[in-house]
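Numbering (UniProt numbering), first residue to last: 1 to 510.
To keep things clear, I will list the structure first and then write my remarks on it.
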């Protein structure tokens, strides 16, 4: 490992060239000192794990040319002093006299928190670089474009996620373009799943998927996220598939794909994407799904296809009902019940007949029999579709999915139609509930046609569209107790005789 790191330190103008830093020696020293600490033991162990992860990531990056970009490695220039500081603060936590610990304990705890924060900064930055180690400049652009731009901690404080210059990030003009990602706990080793035993779920060899995707070629990429890349592939028998490959390496605290591997095989519904198989080999985490030729709903709502191939109302209503049916299945009919956690147009795939399929169960939660929420304090979701109680406290519930469904329904009805510049929105409203205030104001004034996609104005379904805006407003209420259940929502969508309650002010109305 020392030889490997020395090679890493050798190439010019990159992150590892840090004033003759012997990374391996320092990390080894940190790990040895942690064995004998007598106070702050848990934090010291976390510090050692982060230091070891940095060493591992530097080794992964040694052959990358991307790392030679000064803007990419500049944030880690102080890594040497940070690791030296880590050694010092661990030394303070080792055996000392009672008098010494009494006098220095507050200072030591403060310094320990400072070093942990600095190391997490480096880990997050190097992790982002690791995701693009196999890509060219085009791949790099897409990955940076899709990377979450903020970290949201439990107390609501927002901070840069990658430590990259703000001007480096490029975004699409899309409402769900940004995601908030809460990083919690220790870096964990991604281990081989040991109990995948679902009927009909195939374990693929890596070589099979390499052939199917033309060696994971750029031309076969059909989707790029913060921590995974999706490829179109064709198996030997001619079956088209979507191959979702984790773009991160091991020892990174993101287990979305393994969560999907655990949950999706248990789900059997026409409006839930079907998992065909998986591949776990060394550091590979790959899932193989049924292929959806019409890609995501988002491309029809806010993408280029919204203009070239606008969906008429019968197709949109079919899609909405299908999403609702899938959500009802997750909330009431499957065992265990599932909170999806990130319903949005980008996570709704469309098959050849435009039947919707809910996908991306990476942050989903399986509920215990007597529970209706899952509170971790960690916030992982998409701006514009995130319920306020989840954003503020990290509590996922069935009602947070209802909120996301309502925000999705408003976007399906609105299409690419842009809200008027005269509409005053706070930063929170613009980022987290961009359609709520506009829709509520128009509903209250009886002018809902101003909200509806202009391509639908010549349709004969105006009454139903207006009714569905009201249903959406009920879903995006501030209080989760005032939102209907997904079962109630499906009933409202399917039966015009159901009398709708009047919505109150929606969330993020400011």
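Where is the CB? At the ideal position from N, CA and C, for every residue including glycine.
Buried or exposed: which applies to residue 302, given that a residue is buried once 16 or more other Cβ atoms fall within 10 Å of its Cβ?
buried
Taking the straight line between their C-alpha atoms, what separation do you get for residue 436 and residue 429?
8 angstroms
Paired residues, beta bridge with residue 230 - DSSP
223 and 244
Whose C-alpha, out of 385, 84 and 319, is nearest the C-alpha of residue 271?
319
When the distance is taken between beta carbons, is residue 490 closer than 8 angstroms to residue 328?
With contacts defined by Cβ atoms closer than 8 angstroms, residue 328 and residue 490 form a contacting pair.
According to DSSP, simplified to helix, strand and coil, what is residue 296?
In the structure shown, residue 296 adopts extended strand secondary structure according to DSSP, grouped into three states.
Beta-carbon proximity list for residue 352, same chain, < 6 angstroms, skipping 5 on both sides:
293
Since residue 365 contacts residue 339 with CB under 8 angstroms, what's their CB separation in whole angstroms?
5 angstroms
For residue 244, which residues from the same chain have a beta carbon less than 6 angstroms from its beta carbon, with the 5 sequence-adjacent residues on both sides left out?
228, 230 and 287
What does the Cβ neighbour count give for residue 239, buried or exposed, with the cut at 16 atoms within 10 Å?
By the neighbour-count rule (16 or more Cβ atoms within 10 Å), residue 239 is not buried but exposed.
Start and end of the beta strand (DSSP E) containing residue 276?
The continuous beta strand (DSSP E) containing residue 276 extends over residues 275-281.
Look up residue 434 in the DSSP assignment and say whether it is helix, strand or coil.
coil
Please say whether residue 396 and residue 373 have beta carbons closer to each other than 8 angstroms?
Yes, the Cβ-Cβ distance between residue 373 and residue 396 is below 8 angstroms.
Tell me which same chain residues have a C-beta within less than 6 angstroms of the C-beta of residue 406, skipping the five on either side of it?
Only 472, 475 and 476 meet the Cβ criterion.
As a quick exercise: from 447, 388, 200 and 27, pick the residue whose alpha carbon is nearest that of residue 481.
388
Measuring CB atoms only, is the segment 454-472 touching the segment 375-384, in the sense that at least three cross pairs come out at less than 8 angstroms?
no
Considering only the beta carbon of each residue, do residue 55 and residue 86 sit closer than 8 angstroms?
Not a contact, by the Cβ cut-off of 8 angstroms.
Classify residue 305 as helix, strand or coil using the three-state DSSP reduction.
helix
Throw me the rounded Cβ distance for the residue 204 and residue 279 pair, which I believe falls under 8 angstroms.
5 angstroms
Of the choices 507, 259 and 496, whose alpha-carbon is the least far from that of residue 478?
In terms of CA proximity to residue 478, 507 leads the group 507, 259 and 496.
One question on the structure: do residue 345 and residue 297 come within less than 8 angstroms of each other, judged by their Cβ atoms?
yes
Quick one: using the 10 Å Cβ neighbour count with 16 as the cut-off for buried, is residue 232 buried or exposed?
With a 10 Å radius around the Cβ and a threshold of 16 neighbouring Cβ atoms, residue 232 comes out buried.
Which same chain residues, not among the five before or five after residue 299, have their C-beta less than 8 angstroms away from its C-beta?
305 and 306
Whole-Å CB distance - residue 440 paired with residue 505, under 8 angstroms assumed
6 angstroms
Should residue 503 go down as buried or exposed, given a rule of 16 or more other Cβ atoms within 10 Å for buried?
Buried: at least 16 other Cβ atoms inside 10 Å.
Among residues of its own chain, excluding the 5 on either side of residue 360, which ones have a beta-carbon nearer than 7 angstroms to its beta-carbon?
342 and 347
Which runs of the alpha helix (DSSP H) at least 4 residues long sit entirely within the segment 354-409? Give them in chain order.
388-393, all fully within the segment 354-409.
Taking its Cβ as the centre, do 16 or more other Cβ atoms sit within 10 Å of residue 383, making it buried, or is it exposed?
buried
Residue range of the beta strand (DSSP E) that residue 92 falls in?
Run containing residue 92: none in the beta strand (DSSP E); it sits in the alpha helix (DSSP H), 79-92.
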